[in-house]
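Participant: Pasting a structure here, questions to come.
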Amino acid sequence: MADLNSHATLRVADLLHYSRSASINELCLPHALSPLAMAQLGDDVSRERRLVRGERLFRQGHGMHALYCVIDGMLKTVIVDDEGREQITGFHFRTELVGLDALPRREHVCMATAITTTRVRVLPLHRLQDAMQQAPALRDALVALVGRALAQHEQLLLVVNQRRSTERVAILMLSFACRLGRNGSVARTFRLSMSRAEIANYLGLAQETVSRAFRRLEKAGILEVQGKQLQIVDAALLIQCAVAGWSEHD
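Going by our numbering, the final residue of the sequence shown carries number 1420, and the count climbs one at a time with no gaps.
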């Protein structure tokens, strides 16, 4: 896998080929709309909404009125239990759909909050249904995204339950790199806008455990982290850690 690092522009397809792991590949695929599907959701179907950091897009338990597509920025989805404990269920980036959780019962099972200043395209259900009837390709794309979102959730449960802490962090960074890239490329450098505490919550780890995992990956020459800025130094080793596991004990 060493020649993976020689690629001037690393493509998601190349990374998934080198991975050869169906479960890891599933977590790296974005649940995002294609440019064609986005074009079919113009101003006559959707409208734009801007959120400031910490502002909620929708609340847990509220009825579903729309789906949302991230234009720029970042959202997190969170489930709050009866005792007020929060569990982050996802981070959502540019072109990704949010609100799919409410499709089965038309009620949101989680809340969505902006991590940074974020713009979303609001897709009201009644207009979306009309657009899907007129454009079968759009309907098929949305159905595929729902299936992918469910598959990713199942794979995440396996990762959290069966992997060591360093492997969980490596897999998450691999997922972010694939989903934050543009035009099918992998983002070798990107900003971690979420906090270490949020990453820890998502992965079912302690915050200090996440910090130690980042230090291990830096020491191994896999990642370089400066504050919230992250660079993938060795993509091949990152994949090896995600797929084959971390050689040292946590």
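Every residue gets a Cβ at the ideal spot worked out from N, C-alpha and C, and that includes glycine.
1. Would you say T1247 and G1233 are within 8 Å of each other, going by their C-beta atoms?
2. Measure the alpha-carbon distance for R1229 versus D1300 and round it to whole angstroms.
3. Counting along the chain, where does the alpha helix (DSSP H) carrying C1280 start and finish?
4. If you reduce the DSSP assignment to three classes, tell me which class A1172 lands in.
5. Start and end of the alpha helix (DSSP H) containing L1407?
6. Give me the residue from Q1401, Q1377, L1180 and S1216 with the minimum Cα distance to H1296.
7. When you compare the CB of S1365 with every CB in chain D, is at least one pair closer than 8 Å?
8. Keeping to the same chain, check which residues put their C-beta closer than 7 Å to that of V1395; ignore five residues upstream and five downstream.
9. How should D1242 be labelled, buried or exposed, when 16 other C-beta atoms within 10 angstroms of its C-beta is the threshold for buried?
10. Three or more C-beta pairs under 8 Å: does that hold for the region 1324-1337 against the region 1264-1278?
11. Taking the alpha-carbon of A1357 as reference, which of F1346, R1366 and A1367 has the nearest alpha-carbon?
12. Kindly give me the distance between the Cβ atoms of V1339 and T1288, rounded to whole angstroms, as I take these residues to be in contact under 8 Å.
13. Provide the residue span of the beta strand (DSSP E) that contains K1246, from first to last.
14. If we ignore side chains and look at the alpha-carbon of each, how far apart do A1277 and D1271 end up?
15. Can the beta-carbon of L1237 be found closer than 8 Å to that of L1180?
16. My understanding is that E1337 touches G1415, with C-beta atoms under 8 Å, so please give their C-beta distance in whole angstroms.
17. Assuming I1258 contacts Y1372 under a Cβ cut-off of 8 Å, what Cβ separation, rounded to an integer in Å, is found between them?
18. With distance defined between alpha-carbon atoms, name the residue in Q1377, A1367 and I1409 nearest to I1285.
19. Shortest alpha-carbon distance to A1282 belongs to which of A1305, A1406, D1251 and G1224?
20. Taking the alpha carbon of R1220 as the point to measure from, which residue in A1319, C1280 and L1245 has its own alpha carbon closest?
21. Which word fits A1376, buried or exposed, when buried means at least 16 other C-beta atoms lie within 10 angstroms of its C-beta?
Facilitator: The structure says:
1. Indexing the sequence shown from 1 puts residue 1247 at position 77. Indexing the sequence shown from 1 puts residue 1233 at position 63. For T1247 and G1233, no; Cβs fall outside 8 Å.
2. Locating residue 1229 in the sequence shown gives position 59, counting from the first residue. Locating residue 1300 in the sequence shown gives position 130, counting from the first residue. Rounded to whole angstroms, the gap between the alpha carbons of R1229 and D1300 is 25 Å.
3. Here residue 1280 corresponds to residue number 110 of the sequence shown, with the count starting at 1. Taken as a continuous stretch (DSSP letters only), C1280 belongs to no alpha helix (DSSP H), as it is neither H nor E.
4. What you label residue 1172 is simply residue 2 of the sequence shown in a count that begins at 1. The pLDDT assigned to A1172 is 46, lower than 50, so where the model puts this residue is not dependable; a value taken from the coordinates is nonetheless given after this. For A1172, the secondary structure class from DSSP, reduced to helix, strand or coil, is helix.
5. On the sequence shown, residue 1407 is found 237 positions in, with the first residue counted as 1. Taken as a continuous stretch (DSSP letters only), the alpha helix (DSSP H) holding L1407 covers A1405 to A1414.
6. Numbered from its first residue, the sequence shown carries residue 1296 at position 126. Nearest Cα to H1296 within the set Q1401, Q1377, L1180 and S1216: S1216.
7. Note that chain D does not occur in the displayed structure, where there is just one protein chain.
8. Counted from its first residue, the sequence shown places residue 1395 at position 225. Sequence-distant Cβ neighbours of V1395 in its own chain, meaning closer than 7 Å and more than five residues away, are F1384 and E1388.
9. Counting from 1 along the sequence shown, the entry for residue 1242 is found at position 72. D1242 should be labelled exposed.
10. With a cut-off of 8 Å on Cβ pairs, the region 1324-1337 is not in contact with the region 1264-1278, counting fewer than three such pairs.
11. For the purposes of this step, residue 1357 is taken as the residue at position 187 of the sequence shown. Answer by Cα proximity: F1346.
12. Taking the first residue of the sequence shown as position 1, residue 1339 is located at position 169. Taking the first residue of the sequence shown as position 1, residue 1288 is located at position 118. Contact annotation, V1339 with T1288: C-beta distance approximately 24 Å; criterion of less than 8 Å not satisfied.
13. Within the sequence shown, the letter at position 76 stands for residue 1246. Run containing K1246: L1245 to V1250, per the beta strand (DSSP E) assignment.
14. Stepping through the sequence shown from its first residue, residue 1277 is reached at position 107. Stepping through the sequence shown from its first residue, residue 1271 is reached at position 101. At residue 1277 the sequence reads Glu, which differs from the Ala that was named. Distance between the alpha carbons of E1277 and D1271: 8 Å.
15. Counting from 1 along the sequence shown, the entry for residue 1237 is found at position 67. Counting from 1 along the sequence shown, the entry for residue 1180 is found at position 10. No, Cβ-Cβ distance for L1237 and L1180 is not below 8 Å.
16. Position 167 of the sequence shown, counted from the start, is the residue given in the question as residue 1337. Position 245 of the sequence shown, counted from the start, is the residue given in the question as residue 1415. Sure, about 6 Å apart at Cβ, within 8 Å.
17. Your numbering for residue 1258 matches position 88 in the sequence shown. Your numbering for residue 1372 matches position 202 in the sequence shown. In this structure, I1258 and Y1372 form a Cβ contact; the two beta carbons are roughly 4 Å apart against a cut-off of 8 Å.
18. Position 115 of the sequence shown, counted from the start, is the residue given in the question as residue 1285. Put simply, of Q1377, A1367 and I1409 the residue whose alpha carbon is nearest the alpha carbon of I1285 is A1367.
19. Locating residue 1282 in the sequence shown gives position 112, counting from the first residue. Between A1282 and the set A1305, A1406, D1251 and G1224, the nearest pair of CA atoms involves G1224.
20. Here the question's residue 1220 lines up with position 50 in the sequence shown. Checked all of A1319, C1280 and L1245; the closest Cα to R1220 is L1245.
21. By one-based count along the sequence shown, residue 1376 stands at place 206. The residue is exposed, with fewer than 16 neighbouring Cβ atoms inside 10 Å.
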